[in-house]
Amino acid sequence: MTDESKSSNDFPEEILPRIREHDVRIGDILAEVRHFTAVSGILFGFLLTVSVAYTAQVPWIVPRVLLLLALVCTGSATLIFILPPLYHHLRFPMDQKQTLQFFWRSHKFILWGIVPLYAGVYFSVFLALYNVIGDSAAVIATGMVIIPFVAYELRKIGDPKELG
401 MTDESKSSND FPEEILPRIR EHDVRIGDIL AEVRHFTAVS GILFGFLLTV
451 SVAYTAQVPW IVPRVLLLLA LVCTGSATLI FILPPLYHHL RFPMDQKQTL
501 QFFWRSHKFI LWGIVPLYAG VYFSVFLALY NVIGDSAAVI ATGMVIIPFV
551 AYELRKIGDP KELG
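In this note's numbering, the protein residues as written are 401 to 564.
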């Protein structure tokens, strides 16, 4: 089985016209990934610094577990966000079909990376607040995570019908 036949089933064919219609370019995808990588990398670096200076002084298990979860989530997100540029460099130069596959796979990588990044931010906020207010930190951190979801769901209220 050739690489072309194996990868042709990797993305839905109905996506191709939509990608072409929106005039998406490789630079657009890589710029988007650059922002996600920077955010997750900075958070990961901060957490790594905290883990070295912090864990030896804290005997409690809860802050250690929160720090470990935040490190794993942000580290995973950072590694997932570097997959599109890595894929681009390994497959360069790409023909039109490979470029469309790159767009589809990059979209999936970005969506997969947002989940651990969001979890890493949650655990980081939980950890920071736990040291200040204790067990109430879970409620506040959960509220901070839920507010963007609610705002996203409410985004279409009041939009004209033609915006869909």
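Note that beta-carbon positions come from the ideal geometry of N, C-alpha and C, so glycine has one too.
Only a predicted model underlies this, so the values are computations on that prediction, with no experimental measurement involved.
task: Could you name the residues of the same chain whose beta carbon sits closer than 7 Å to that of leucine 466, not counting the 5 residues immediately before and after it, in chain order?
output: If we look at leucine 466 and ignore the five residues flanking it on each side, its Cβ neighbours are Phe523, Phe526, Leu527, Tyr530.
field: Beta-carbon spacing of serine 451, proline 484 below 8 Å
entry: no
query: Between which two residues does the alpha helix (DSSP H) containing glycine 534 stretch?
result: Counting along the chain, glycine 534 falls outside any alpha helix (DSSP H), and DSSP gives it neither H nor E.
task: Indicate whether the contact test is met: 3 or more Cβ pairs, each with one atom in the stretch 469–489 and one in the stretch 438–449, closer than 8 Å.
output: Segments in contact, yes.
query: At which residues does the alpha helix (DSSP H) containing phenylalanine 481 begin and terminate?
result: Where phenylalanine 481 is concerned, the enclosing alpha helix (DSSP H) stretches over 461–481.
task: Decide yes or no for the touch test of the stretch 508–521 against the stretch 433–442: beta carbon pairs closer than 8 Å, at least 3 of them.
output: Enough Cβ pairs lie closer than 8 Å, so yes.
field: Cβ shell of proline 516 (< 6 Å), same chain only, five flanking positions each side left out
entry: Cys473, Ser476, Ala477
message: Just to confirm the assignment: which complete beta strand (DSSP E) runs, minimum length 3, are found wholly within the stretch 494–558?
response: none
field: Classification of glycine 427 by the beta-carbon crowding that lies within 10 angstroms, buried from 16 upward
entry: Looking at its Cβ environment, which holds fewer than 16 other Cβ atoms inside 10 Å, glycine 427 is exposed.
Leucine 471 versus Phe503, Trp460, Gln501, Val521, residue with shortest Cα-Cα distance: Val521
message: I'd like to know whether the C-beta atoms of histidine 488 and phenylalanine 502 end up nearer to each other than 8 Å.
response: Taking 8 Å as the cut-off, the Cβ atoms of histidine 488 and phenylalanine 502 count as close.
- request: Return yes when the Cβ of threonine 437 is within less than 8 Å of the Cβ of isoleucine 482, no when it is not.
  value: yes
message: Comparing C-alpha positions only, which one of Lys497, Met544, Ile514 sits nearest to valine 439?
response: Ile514
message: My output table needs one value for phenylalanine 387: the three-state DSSP class, helix, strand or coil.
response: With the chain covering 401 to 564 only, the question about residue 387 has no answer from this structure.
message: In this structure, how does DSSP classify arginine 434 when only helix, strand and coil are distinguished?
response: helix
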